Amino acid sequence: MTATPDILCIGSVLWDVIGRSASAMRQGSDVPGRITRLPGGVAMNIAMTLARFDLTPALLTAIGRDAEGDELIAACAARGMITDTIYRSDDLPTDIYMAVEGANGLIAAIADAHSLEAAGSKILAALSDGRLATAEAPYRGLVALDGNLTLNLLGDIARSPLLAQADLRVAPASPGKAERLAPFLQAGRGTLYVNLEEAGLLCQTRFDSSRAAAEGLLKRGAARVLVTDGGADATEGRPDGLMTLTPPQVLVTRVTGAGDTFMAAHIAADAGGAPAGEALSRALQAAATYVSGETAL
C-alpha cells in the first residue's frame, strides 16, 4: 500500500508557463518582462502550499510518459508529494498552462488540460486498488478536488461510494469551469471554494458581495462555501450562519495561484483544529502574502 497521505489532491498537475510584466497591458501589448516555467495546476498549487504547512499530499492526476512528465514527477517528489498514485499515460502528453500577467492583473490564460480530461476515471484507480483504499474500506480523509475534471467525472465523484466518507474540498479551477461544480450543489456535498464571479455562474445570477454569494449558494444546496472577492470581503457560509472578514490590503504583484493558496491555507488551518474565524483569517493572510510576491509556490 502507498505511504499514508494527510490529504489527496485530485486534478490538474502540469507545467505553468507564466509571462509577467511590470507594465499595464491590453490586447496587442508587446512589453518586456519575465517568462517562467514552474510546476502548476490547481491540484499541484494546493499540494505545494499544503506541503509548506507540513502536510503530506498524494496526487491523483494524469501525467504523460514523456520527458516533460518525467521532469514534473521528479519536481513533485522533490517537494514532498506522494507520486505513485499518479496515472502515467503512454499516449497522452503532459498538460500545460500558459498565462500573461501585467501590472493590471491577469491579461489572458489558456489551460491545456486535455490529457487529464481524456484520462477520466483512470486517475482514481488508487482509491479502489489498495494503494489508498478499496471499495470495502473507502477513503475517509481530506480531499482537495479541482474542476479541471470533466463534468461527468465530477458528478461521479460527488456520488461515489469510494469517497462517500471523505471530507471533500472543491474548487472550480477557473470561472469558465465553475458550472462543473453543480453536482456538489445537487448532492449537498463538500466545501466549495469559489470567487464572486464563479459563485454567480453557479447560481446563474450576479452578486454584489461575497456574503450575498454565500447566501445564494447555500440556498442552492451547498453544504459549506467560502467565497472570495479579490481584495474585498470574503465570506464563509454554513447552514448555521455566515462569517465575513476583510483581507489584508497589499500591493498585488501576481495573481495566478492566489485562489489555490487561499484554499490550501484554509484547509491546513481547518485540519489543524483552528476555529472558523481564525482559519479564514489565516487563509486570507496567506493569499495576501502570496499576491504581494513575498513568498513563492
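Taking our numbering, the leading residue of the sequence shown gets 78, the next gets one more, and so forth. The beta-carbon is built from N, C-alpha and C at its ideal position, and this holds for glycine as well. Only a predicted model underlies this, so the values are computations on that prediction, with no experimental measurement involved.
query, result
"Skipping 5 residues on each side, what residues in its chain have a beta carbon closer than 7 Å to that of E355?", "A346"
"Throw me the rounded Cβ distance for the V327 and S369 pair, which I believe falls under 8 Å.", "4 Å"
"Cα-Cα, which of V220, P215, G232, L262 is closest to L239?", "P215"
"What do you get for A255, buried or exposed, if any count of 16 or more other CB atoms within 10 angstroms of its CB means buried?", "buried"
"In angstroms with no decimal places, state the Cα-to-Cα distance between T333 and S205.", "33 Å"
"At 3 residues or longer, what runs of the beta strand (DSSP E) sit wholly inside the stretch 243-286?", "244-248, 268-272"
"Measure the C-alpha to C-alpha separation of T338 and A363 and round it to an integer number of angstroms.", "7 Å"
"Decide if the stretch 261-276 is in contact with the stretch 228-244; the criterion is three or more beta carbon pairs, one per stretch, under 8 Å apart.", "yes"
"Grab me the residues of V302's own chain with a C-beta within less than 6 Å of its C-beta, minus the 5 sequence neighbours each way, in chain order.", "L269, A291, L294, G314"
"Between A221 and E274, what straight-line distance do the alpha-carbon atoms span, to the nearest angstrom?", "21 Å"
"Taking the C-alpha atoms as reference points, what is the distance between L56 and P324?", "Any property of residue 56 remains undetermined from this structure, which presents the chain solely from 78 to 374."
"Go to G146, then tell me how far its alpha helix (DSSP H) extends in each direction, as first and last residue.", "144-155"
"With contact counted as at least three CB pairs below 8 Å, one residue from each stretch, are the stretch 179-186 and the stretch 157-169 in contact?", "no"
"By DSSP, does V304 sit in helix, in strand, or in coil?", "strand"
"Quick check on the burial criterion: 16 or more other C-beta atoms within 10 angstroms. Buried or exposed for P316?", "exposed"
"Give a yes or no on contact between the stretch 121-133 and the stretch 100-108, applying the rule of three or more CB pairs nearer than 8 Å.", "no"
"Quick one: what does DSSP say S198 is sitting in, helix, strand or coil?", "helix"
"Taking the beta strand (DSSP E) that Y164 falls in, what are its first and last residues?", "164-166"
"For P82, collect the residues of the same chain with a Cβ closer than 7 Å to its Cβ; drop the 5 residues on either side in sequence, then sort them by chain order.", "T133, P134, A135, I159"
"Run through the stretch 303-344 for me and flag every whole beta strand (DSSP E) of 3 or more residues, listed as ranges in chain order.", "309-315, 318-322"
"Rank A335, T321, A248 by C-alpha distance to the C-alpha of A299 and give the top, closest one.", "A248"
"Identify which residue in I84, A341, A144, S198 has its Cα closest to the Cα of T138.", "S198"
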